[in-house]
Every structure is written in structure tokens, then in C-alpha cells.
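What follows is a short report on a single structure.
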Amino acid sequence: MRNSMSLVITLAVVCIISGASLAYFHQMTEAILVQRQLEQMRDAVIAVVPGGISFTESTSDALPAGTGGQALPEGMRVFPVFDEGKALMGYAVLHSTKGFEGPIRLMVGIDPNSRVITGLTVLEQSETPGLGARIADAGFRNQFIGKSLDDPFVSGNDIDGITGATVSTDAVIKIVREAIASVDTEAN
């Protein structure tokens, strides 16, 4: 009986110390993780709009001026991107949707003046390696760059889909279309 009690006490002390250690290290690393996510997002915003050096985030759920004041889709964030002289270079749109294995989160660059896609960066995906995960490959992403906002963005037509990854391909196309709709003043 005494042996059982000391075993229970020892186990309880080990659990308390382990739990406290985990909580401490989680708290210590959480700020670092948040900072890295912010840096990743900042780098993606600047990368998808060439010539941009600074940006702000749209502070309301309204679309950029001229788009009819429609609300942004849930979870979408729009970042106007500016050059050195504070002239608008384009928009970086952060948006996500469900892929085959999990969420796909992209940053899409749009130039509203020349009406083209200026960049596409995959920030998060958990698609099948060798299949859907190929949405992050430059060969797939680059086919969107330079495309007119008026293009249909149809897999197998103007977009080469990934064989065996139709859901992933269609998810990327959906995000791009919704990003265009959010900032394209001529389409609304």
C-alpha cells in the first residue's frame, strides 16, 4: 500500500513538472512563431507585387474603392502595395479554401492598372506529396503570372492542371478567381 502511494505521488510530481515545462516552452516559443508567420506574410506580400516596398492592410471589410462596397469573403485579407513614392502598385490578396487534404492558403498579386496577375505564393498547403503538393512548384504557379484578369482560369483550358490533383488545381483557381473579384473594379 505504501509502495503504491509513493508511486502515485512520484507519478503526480513528474506529470506536474512535465506539464509546467510544456506550458513554459509553449509560451516562450509562441511569440517567435507568430513573428515568423508575420515575416512570411510580409515577404509574400512584397514578392507577389513587383516594385512594391510597403503595404497596408485594408482595415474594413469593404473592397477597394470602385468595387461596389461589397463585403470581402470570410478570411480574405487585402493589402494595397505601394512603391517608394507611395503610388499604388497593386494588391496582394491573402485567401484560402479547402484542398484535397486540408486548407490551401495563397497570396495573389494583382495589378489593377494593367489588369494582370503579378504573383502567386503558396503560404500553406498539406496536399498529397508528389501530386497536389505540386501546386507550390514554380512551374505550376508561374502559369498564372501575367495572365489577364479577364481570362477564364479553367483547368485544362488556359491553366494546365496537375494530373491526379484536380481538387488541388481547382482550389488554387478558385482562390485566384475570388481574389480577382475582390479587387477588380472593372469586373464589378
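The opening residue of the sequence shown carries number 1498 in this note's numbering; numbering runs sequentially from there. Think of the CB as a built atom: it goes at the ideal place given N, C-alpha and C, for glycine as much as any other residue.
With a CB to CB cut of under 8 Å and the five nearest residues on each side skipped, what residues in its chain are close to S1652?
Locating residue 1652 in the sequence shown gives position 155, counting from the first residue. In its chain, beyond the 5 residues on either side, G1658, T1663, T1666, D1667, I1670 have a beta carbon closer than 8 Å to the beta carbon of S1652.
If I follow the unbroken alpha helix (DSSP H) through I1514, where does it start and stop?
Taking the sequence shown and counting its residues from 1, one reaches residue 1514 at position 17. Following the DSSP letters along the chain, one finds I1514 inside the alpha helix (DSSP H) bounded by residues 1499-1545.
From the DSSP output, in three-state form, read off G1606 for me.
Stepping through the sequence shown from its first residue, residue 1606 is reached at position 109. Secondary structure at G1606: strand, using DSSP grouped into helix, strand and coil.
Just to confirm, is the Cβ distance from T1618 to P1547 under 8 Å?
Position 121 of the sequence shown, counting from 1, holds the residue named residue 1618. Position 50 of the sequence shown, counting from 1, holds the residue named residue 1547. Cβ atoms of T1618 and P1547: not closer than 8 Å.
Beta-carbon proximity of V1605 to L1646, cut-off 8 Å
Along the sequence shown, read from residue 1 onward, the residue named residue 1605 stands at position 108. Along the sequence shown, read from residue 1 onward, the residue named residue 1646 stands at position 149. Their beta carbons are not under 8 Å apart, which means V1605 does not touch L1646 by this criterion.
Ignoring anything shorter than 3 residues, give me the beta strand (DSSP E) runs that lie fully in the region 1613-1670, in order along the chain.
Runs of beta strand (DSSP E) with 3 or more residues, each lying fully within the region 1613-1670, are found at 1613-1621, listed in chain order.
Check the C-beta distance from M1586 over to F1579 and give it rounded, since I have them as a contact under 8 Å.
Here the question's residue 1586 lines up with position 89 in the sequence shown. Here the question's residue 1579 lines up with position 82 in the sequence shown. That belief holds up - the Cβ atoms of M1586 and F1579 are roughly 6 Å apart, short of 8 Å.
Can I1607 and V1680 be called in contact, C-beta distance under 8 Å?
Here residue 1607 corresponds to residue number 110 of the sequence shown, with the count starting at 1. Here residue 1680 corresponds to residue number 183 of the sequence shown, with the count starting at 1. Taking 8 Å as the Cβ cut-off, I1607 and V1680 qualify as a contacting pair.
Compute the Euclidean distance between the alpha carbons of T1625 and G1661, then round it to the nearest angstrom.
On the sequence shown, position 128 is the one that residue 1625 refers to. On the sequence shown, position 164 is the one that residue 1661 refers to. If I take the Cα positions, the gap works out to 10 Å.
Sheet register partners of V1680 (DSSP bridge)
On the sequence shown, position 183 is the one that residue 1680 refers to. Paired residues: none, contrary to the question.
Work out the CA separation of I1642 and F1650 for me, nearest whole Å.
To locate residue 1650, count along the sequence shown from 1; it is residue 153. To locate residue 1642, count along the sequence shown from 1; it is residue 145. Here the C-alpha atom of F1650 lies approximately 12 Å from the C-alpha atom of I1642.
Three-state secondary structure (DSSP) at I1672?
Reading the sequence shown from its first residue, position 175 is the one you call residue 1672. Looking at I1672 - three-state DSSP - the assignment turns out to be helix.
Alpha-carbon to alpha-carbon, M1525 and C1512:
The residue you call residue 1512 lines up with position 15 of the sequence shown. The residue you call residue 1525 lines up with position 28 of the sequence shown. Pairing C1512 with M1525, the inter-Cα distance amounts to about 20 Å.
Going by beta-carbon coordinates alone, are L1603 and L1620 separated by less than 8 Å?
For the purposes of this step, residue 1603 is identified with residue 106 of the sequence shown, where counting begins at 1. For the purposes of this step, residue 1620 is identified with residue 123 of the sequence shown, where counting begins at 1. Cβ distance < 8 Å, so L1603 and L1620 count as in contact.
Please classify D1558: does DSSP put it in a helix, a strand, or coil?
Your numbering for residue 1558 matches position 61 in the sequence shown. Residue placement at D1558 is poorly supported in this model, since its pLDDT is 47, which falls under 50; the coordinates still yield a value, given next. In the structure shown, D1558 sits in coil (DSSP, three-state: anything other than H, G, I, E or B).
Proximity of H1592 and I1672 at Cβ, strictly below 8 Å
To locate residue 1592, count along the sequence shown from 1; it is residue 95. To locate residue 1672, count along the sequence shown from 1; it is residue 175. In contact: H1592 and I1672 (Cβ atoms closer than 8 Å).
With a CB to CB cut of under 8 Å and the five nearest residues on each side skipped, what residues in its chain are close to S1557?
Your numbering for residue 1557 matches position 60 in the sequence shown. Because S1557 sits at a pLDDT of 49, beneath the cut-off of 50, its placement in the model cannot be relied upon, and the point is left open.
Would DSSP call I1550 helix, strand or coil?
As a position in the sequence shown, residue 1550 is number 53, starting the count at 1. Coil.
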